[in-house]
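Numbering (the numbering used here), first residue to last: 21 to 299.
Each residue gets a CB set at the ideal place from its N, CA and C atoms; glycine is no exception.
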Amino acid sequence: MLLPIALVLASVVCHATWNLLAKKAGSTEFLGVWSVVAAVLWAPLGIWVLANAWDTLDWRALQFIGGALFLHTSYFVVLQRGYRIGDLSVVYPIARGLGPVLTCLVAVPFFGEDPGLLGWAGTFILAISVAVLGKPRVTAWRPVAYAVVVGLFIAAYTLWDKAAVAILPPLLINWATDTGRAILFAPWLWRRRAAVKQVWQSYKRHIFGTAICAPGAYILVLTALTMAPVTVIAPLREVTVLLVVFLGAKLLGEHDMWRRLTAALGVVLGAVGVTLGRS
């Protein structure tokens, strides 16, 4: 059990790191550039997985990859725009907290799942915690709106990927969506090559860090899920919320750290309740 826990904790660090780097860079050009770099860096592994899975693929693979490309790209674009105008310690916890709530609400009628008393209690705690985090100043409602939309996309791609992994290797889904996003962004990046050059010169380390950590966090969690129950892995992942709020305060000088940490703890406890209730 120690190895999957170590993998999840490594994923937590990776996830917090790339979100911190994305917040610091704060531009859509940054998203496009790191997507291109990720597609190249992970290509050897992605091509190897594709070659081994080729005989088992059919037309549904393109359908699932296309859907994942749309959902994950939309998620990244909206998240990056939210980071441009809002605090990391507000946008990230609201988005991550809403994801499990919305997933749970959709899973009940569409998948026939029963979260039970613990699951509904966790959903309630999550909703209250998100409301506390999202209590904005008079002029700060837009970051909260972006975070809510990000939460919607998290719920959507979670449900979509749940179906996709039944026929596709997770790593292939990740590399294919990164590559597809890089191709989609390529013409736009070329037209804005002056801005892209500036982003590259200013944030080269951020670009490589995100290109490694964003896919890496996803792959580490999926690997851990093959070794331990989701009831162990999923709650541990939510520790990222506390880490991100702490980093936002200490490294970015964001305010209200203790209120946000308290609310973030509620997000973690709520997510644990939702996960255990659905197990």
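query: Environment of residue 280 [buried if 16+ CB atoms lie within 10 Å]; result: buried
query: DSSP three-state assignment for residue 158, whether helix, strand or coil; result: Note that residue 158 scores a pLDDT of 41, beneath 50, so its modelled location is shaky and nothing firm can be said.
query: Buried/exposed call for residue 62, threshold 16 Cβ in 10 Å; result: buried
query: DSSP state of residue 117 mapped onto helix, strand, coil; result: helix
query: Buried versus exposed, by CB contacts within 10 Å (16 or more), residue 93; result: buried
query: Three-state secondary structure assigned by DSSP to residue 31; result: helix
query: Rounded separation between residue 203 and residue 177 - CA only; result: 20 Å
query: Buried/exposed call for residue 35, threshold 16 Cβ in 10 Å; result: buried
query: Between the CA atoms of residue 200 and residue 52 - distance to the nearest angstrom; result: 11 Å
query: Proximity test, Cβ basis, 9 Å: residue 174 and chain C; result: Any reference to chain C falls outside this structure, which holds one protein chain only.
query: Buried versus exposed, by CB contacts within 10 Å (16 or more), residue 100; result: buried
query: Rounded separation between residue 257 and residue 77 - CA only; result: 31 Å
query: N-terminal and C-terminal residue of the alpha helix (DSSP H) that residue 104 is part of; result: 79 to 105
query: Residue from 164, 209 and 223 with nearest C-alpha to residue 103; result: 164
query: Environment of residue 16 [buried if 16+ CB atoms lie within 10 Å]; result: Absent from the model: residue 16. The displayed extent of the chain is 21 to 299, so no value can be given.
query: Neighbourhood of residue 209 by C-beta, 6 Å cutoff - its chain only, sequence neighbours within 5 removed; result: 52 and 216
query: Status (buried if at least 16 other CB within 10 Å, exposed otherwise) for residue 175; result: buried
query: Backbone CA spacing between residue 42 and residue 50 [nearest angstrom]; result: 8 Å
query: From 263, 144 and 81, residue whose alpha carbon lies closest to that of residue 186; result: 81
query: With 16 other Cβ atoms within 10 Å as the buried cut-off, status of residue 85; result: buried
query: Check whether residue 170 and residue 238 have beta carbons under 9 Å apart; result: no
query: N-terminal and C-terminal residue of the alpha helix (DSSP H) that residue 213 is part of; result: 213 to 245
query: N- and C-terminal bounds of the alpha helix (DSSP H) containing residue 49; result: 48 to 61
query: Separation of residue 72 from residue 148, as counted between CA atoms; result: 46 Å
query: Neighbourhood of residue 231 by C-beta, 6 Å cutoff - its chain only, sequence neighbours within 5 removed; result: 54, 57, 58 and 61
query: Alpha helix (DSSP H) segment containing residue 273, residue limits; result: Element bounds for residue 273: n/a, residue is neither H nor E.
query: Reference residue 193, options 47, 65 and 33, closest by Cα; result: 65
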